[in-house]
Amino acid sequence: MKQTTPQQDFFRGIWRENPVLIQMLGLCPALAVTNTVENSLAMGIATFFVLTGSSLLVSLFRRWIPNEVRISTFILIIATFVTVADMGLEAIVPTVHKALGAFVALIVVNCMILSRQEAFAAKRPVGRSLLDAFGTGIGFVIALVMMGGVREVLGNGTFLGFSVFGSRFEPWVIFALPPGGFLTLGFWLLILNWFEKRRADRAKVRDWPDGVAEARAAA
Amino acid sequence: MTGGGLPVIERKEVPAWRLVATLGTAGGLAGFLLVFVFGWTQPIIQAYKAEQLRLAVQEVLKAPDRYDTLYVFDGALTSTLPEGQDPTTVEQIYLGYRDTGDEIGFAMAADRSGFQDKIRIIFGYDRAEASVLGMKVLESKETPGLGDKIEKDSSWVAQFDGAVVPLVGVKPRQATGDVHEIDFITGATISSKTIITIINETLERMGPMIDAYAATRVAAEGTR
């Protein structure tokens, strides 16, 4: 088991190993319900709640859960929290619950959550598991809001319901539709990978012996 | 195994009862927690739904002074259900009155498959004029920007106010201004047609019951 510091456990999920943008997990809700910032936030927070609750319980009871039934037990725990989240959302924000439709119940099968239980919470103490869940959960919310922000501004001309461009703007409806989800995710991945590659190239140049970079540039 | 084979990992066998006990306990605790959450959220959810329905009835009956709930039971409308019949399992329609006591019309909810998913609407019906009083979409998942105009385009929704049944859908360019006509939404013909069909079909089914109910009411008032 690789040793990590608490800071690494927390920050890893937020950006460097962001569940959606880097690990490409949980893409189904990231594509399906991110047509507005409000829906993205609600989905992100519901998933954050399920992930944190499940990680806490899985980590707490990890010594008592036999290996043979661990996955079923994890799913049972996750499903319980999802049902709580589903009923809670319907009671607190009924309009958002209606907009998310079946996707709240589908948090159960979000592989990001199960993967955190299997890969982390089932083997680590409670504190570390919670840090990991917080980090991953926040990373998920950030990724969803990045998707929702672009799609709502372009597809509807608003951000969180407030008009951005005024009444003369003709919304690019495709961004509110399913294809817009794929386009937005594609653009974000393109941008992030381009930056990552540029950073890696620069680091390589820095590591060259003195004079090589200048010689290359001259040639 | 001889001569440097892979080490045999001895795994301790977990007895079956422990597996069952683990899952059983987890399931039991989960159920216990859900009972509490259900008990807390259900009244709030029910109250919200009732309020939404009340607002919808207010809207499609053009702000009635009060309204009665009628039940569709045994092929007829009745204001009281027999003992032991759960009112939530019976189809309900609503009869609105003005403050003078005159009836405004009946509000009824119905659904049908639209372009993407089920469209559920509620509409008001004026029996005397055979016309629609108003229409409101309760549930739909139609295409944003096209089909969702059935909810969001207020000028389209306003066409239903006063339209005489049976409704006929027409392309906007072929509209003649007839009282039966409803313009289709360009690019969302199926969604618009679905709503027209829901209203026509529901009235075909409910119309006789509504007439029969009104007749018995008139008879009852006559004998009073």
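Residue numbers (my numbering), protein chains in the order written: chain A, 20 to 238; chain B, 19 to 242.
Think of the CB as a built atom: it goes at the ideal place given N, C-alpha and C, for glycine as much as any other residue.
Our two residues, S97 (chain B) and Y85 (chain B), have alpha carbons roughly 12 Å apart in a direct line. L133 (chain A) and R221 (chain A) have their alpha carbons spaced roughly 36 Å apart. Its chain contains N54, R170, G174 and N175 as the residues whose beta carbon lies nearer than 7 Å to that of A195 (chain A), once the 5 sequence neighbours on both sides are disregarded; these appear in chain order. In this structure, A:N86 is the residue among A:P38, A:N86 and A:T66 with its C-alpha nearest to the C-alpha of T40 (chain B).
Burial check for N58 (chain A): the Cβ neighbour count within 10 Å reaches 16 or more, so the residue is buried.
A straight line joining the alpha-carbon of G205 (chain A) with that of H116 (chain A) spans about 27 Å. Counting of Cβ neighbours within 10 angstroms places T118 (chain B) among the exposed residues, the total staying below 16. Not a single CB atom of chain B sits nearer than 7 Å to the CB of E57 (chain A). When C-beta atoms of the stretch 175-191 of chain A are compared with those of the stretch 71-81 of chain A, fewer than three pairs fall below 8 Å, so the two segments do not count as touching. A residue is called buried when at least 16 other Cβ atoms come within 10 angstroms of its Cβ; W83 (chain A) does not meet this threshold and is exposed.
The continuous stretches of alpha helix (DSSP H) do not include E137 (chain A), and DSSP gives it neither H nor E.
Counting C-beta atoms within 10 angstroms of its own C-beta, Q60 (chain B) has fewer than 16 neighbours from the protein chains shown and is therefore classed as exposed. Counting only residues of its own chain and dropping the five nearest sequence neighbours on each side, A140 (chain A) has a CB closer than 6 Å to the CB of S74, V77, S78 and S148.
In terms of CA proximity to M153 (chain B), B:S172 leads the group B:S172, B:L164 and B:K159.
Of the candidates B:L113, B:Y115 and B:V90, B:V90 places its Cα closest to the Cα of Q103 (chain B). By the beta-carbon neighbour count (other beta carbons within 10 angstroms, threshold 16), W174 (chain B) is buried. Checking the DSSP bridge columns, you'll see E121 (chain B) partnered with B:Y115. Under a criterion of Cβ atoms nearer than 7 Å, no residue of chain B is adjacent to A236 (chain A); the nearest Cβ is some 50 Å distant. A Cβ-Cβ contact shorter than 7 Å links T212 (chain B) with G132 (chain B). Here D229 (chain A) carries a coil assignment [DSSP, helix/strand/coil]. Nearest to D120 (chain B) by alpha-carbon distance, out of B:V197, B:G225, B:P100 and B:L79, is B:L79. Between the beta-carbon of L37 (chain B) and that of V88 (chain A) there is about 5 Å, and that keeps the pair under the 8 Å contact cut. Linking A49 (chain A) to A127 (chain B) through their CA atoms gives a straight-line distance of about 34 Å.
In this structure, K136 (chain B) and E160 (chain B) do not form a Cβ contact; the two beta carbons are roughly 10 Å apart against a cut-off of 8 Å. For I193 (chain A), the CB contacts under 6 Å within the same chain, skipping 5 residues up- and downstream, are G199 in chain order. Within chain B, the C-beta atoms nearer than 8 Å to that of P85 (chain A) come from V32, R36, L37 and T40, in chain order.
F201 (chain A) and E215 (chain A) have their C-alpha atoms some 21 Å from each other.
Nearest to D201 (chain B) by alpha-carbon distance, out of B:K189, B:S209, B:G195 and B:T194, is B:K189. The continuous beta strand (DSSP E) containing M153 (chain B) extends over residues S149 to E157. As for any beta strand (DSSP E) of minimum length 3 sitting wholly inside the stretch 176-203 of chain B, the runs are 186-188 and 199-201, ordered along the chain.
Note that the C-beta distance between F159 (chain A) and G63 (chain A) is below 7 Å.
Against chain B, the beta carbon of M106 (chain A) has neighbours under 9 Å at L52, V55, F56, W58, T59, Q60 and I63, listed in chain order. Against chain A, the beta carbon of A48 (chain B) has neighbours under 7 Å at L95 and T99, listed in chain order. Residue contact with chain A for A44 (chain B): present (Cβ-Cβ distance below 7 Å to some residue of chain A). Closer than 7 Å to the CB of P113 (chain A) there is at least one CB belonging to chain B. Ranked by Cα distance from E169 (chain B), the first of B:L88, B:S149, B:I139 and B:T207 is B:I139.
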